[in-house]
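Numbering (the UniProt record's numbering), first residue to last: 1 to 212. Everything on this sheet refers to the single structure shown next.
Structure below.
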């Protein structure tokens, strides 16, 4: 089991131990409904072109995909928000390999719908040395077909846990991206993707590295 997989296993065990059974059931139901929608199959696939983007980082700079691709391949990792423990451990696992990516002239960016202030807080707390970008209203995620609206019953449960998406994302849409990681070559081609509507599942970092 990889280090990331171990940390995810720990999160799962802690949630089961700490949260009431009805909340765990809500999480499970929302995942199953999203799986049934076949969002993964209908999203942008390997071999397709990744859309060019221009998104703001935590320093109020606009990061352009076309500029990143001039230096080499780009890894794009979508995450739900800093409130998500699974996202946090995945982003830290990617940080653990940042020097390897730099040596290979590979740019890494992470993208979430939350505002720049929350991304900045995440960046500082976890000492992330790559750009965290804001995809306001999930505009880019929608282009890729990985955006979905959280069902009302799940929204209510999230808010009971102190997770108010409207506060994080500065809108009232309750939309999130499913976890997704892409490798994009210098011609905008997607050469690798990990897309999973079960947010408890995360990319295998070694598989990602093997595809670079």
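Beta carbons are placed, not taken as given, at the ideal position from N, Cα and C, and that holds for glycine.
Exercise for the section: Drop a sphere of 10 angstroms on the beta-carbon of residue 193, count the other beta-carbons inside from all chains shown, and report buried for 16 or more, exposed for fewer. Expected result: Flag for residue 193 reads buried.
Exercise for the section: Have a look at 64, 158, 212 and 91 and flag the residue whose alpha-carbon is nearest the alpha-carbon of residue 179. Expected result: Selection 64, 158, 212 and 91 evaluated against residue 179 yields 91 as nearest (Cα-Cα).
Practice task
Could you say if the stretch 121 to 136 and the stretch 5 to 16 meet the contact criterion of at least three C-beta pairs nearer than 8 Å?
Solution key: Judged by Cβ distances under 8 Å, the stretch 121 to 136 makes no contact with the stretch 5 to 16, as fewer than three pairs qualify.
Practice task
Any chance you could list the beta strand (DSSP E) runs of at least 3 consecutive residues sitting entirely within the stretch 16 to 95, in chain order?
Solution key: Taking only runs of at least 3 residues, the beta strand (DSSP E) segments lying wholly in the stretch 16 to 95 are 54 to 56, 62 to 64 and 74 to 78.
Exercise for the section: State buried or exposed for residue 58, treating a residue as buried only when at least 16 other CB atoms are found within 10 Å of its CB. Expected result: Counting the other Cβ atoms within 10 Å of the Cβ of residue 58 gives 16 or more, which makes it buried.
Problem - residue 93 and residue 3 closer than 8 Å at C-beta - result: Less than 8 Å separates the beta-carbon of residue 93 from that of residue 3.
Handout entry: Buried or exposed by the 16-neighbour rule on C-beta atoms within 10 Å, applied to residue 60
Key = Counting the other CB atoms within 10 Å of its CB gives residue 60 a total below 16, which places it among the exposed residues.
Problem - Simplified DSSP state of residue 140, which is helix, strand or coil - result: Three-state DSSP puts residue 140 in a helix.
Exercise for the section: Using beta-carbon positions only, say whether residue 174 and residue 150 come within less than 8 Å of one another. Expected result: Contact flag set, yes.
Practice task
Locate the beta strand (DSSP E) running through residue 157, then write down its first and last residues.
Solution key: It is not in any beta strand (DSSP E) - residue 157 instead sits in the alpha helix (DSSP H) that spans 152 to 160.
Exercise for the section: Using beta-carbon positions only, say whether residue 145 and residue 54 come within less than 8 Å of one another. Expected result: Taking 8 Å as the Cβ cut-off, residue 145 and residue 54 do not qualify as a contacting pair.
Handout entry: Cutoff 6 Å; reference residue 80; Cβ partners in own chain excluding five residues on either side
Key = Correct list, in chain order: 87 and 176.
Handout entry: Rounded C-alpha distance that separates residue 165 from residue 64
Key = Annotation: residue 165 to residue 64 spans about 26 Å, alpha carbon to alpha carbon.
Practice task
Less than 8 Å between the CB atoms is what I'm expecting for residue 212 and residue 183, so what's the real figure, rounded?
Solution key: The C-beta distance from residue 212 to residue 183 rounds to 7 Å, short enough to meet the 8 Å contact threshold.
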